[in-house]
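Below: one structure, written as structure tokens.
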Amino acid sequence: MADFGGGIPGQFVSELSSIPKAVVETITSATPTPTPVGSEQAAAEKGQSQADPLADLKQQKAAAAARRLSEVRQELQDFFESSKRQKEQMETAMEEQKKEEEAQIKKSKKKQEEQEVLQRLSSQYGGTGEVVKSGN
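In numbering that gives the first Met the number 0, the protein residues as written are 0 to 135.
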């Protein structure tokens, strides 16, 4: 699997890219509200206002999670932009190929018409059966 620099395997990035951009922005912009669990809930119910001994660790983890979320957002944005550029490049290449094919068809038709005219002239005026060759 490809690694997109942030440690996210390519499969996950491609799965995430199928999520509409507006949904990703809505989800990531929402601020999570912590739900008290276990001893936190019991302390809150008792009205105790003691400081959480793990507050610094929780704050560090929250900051790390916010940084990682920001990195993932950027990776997704880069992936969307890269996909868009690739699609545009493919469309441009297909248009150029189509133009080249049309030019080739016109050239072939013109050459065929010249050959037909030369054969008619040869049969009308040459009479010898020789085909007059064009200057090309």
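We put the CB at the ideal spot given by N, CA and C, even for glycine.
A quick note: this is a predicted structure, and the numbers were derived from the prediction, not measured.
Buried versus exposed, by CB contacts within 10 Å (16 or more), residue i
i	result
Leu75	buried
Val22	exposed
Val71	buried
Residue i, DSSP secondary structure in three states
i	result
Ser17	coil
Asp77	helix
Asp51	coil
Gln118	helix
Nearest-angstrom Cβ-Cβ length linking residue i and residue j, presumed shorter than 8 Å
i	j	result
Ser82	Ser16	7 Å
Test item: CB-CB of residue i and residue j under 8 Å
i	j	result
Glu68	Thr25	In the sequence as displayed, the identity of residue 68 is Leu instead of Glu. Not in contact: Leu68 and Thr25 (Cβ atoms no closer than 8 Å).
Phe79	Lys20	yes
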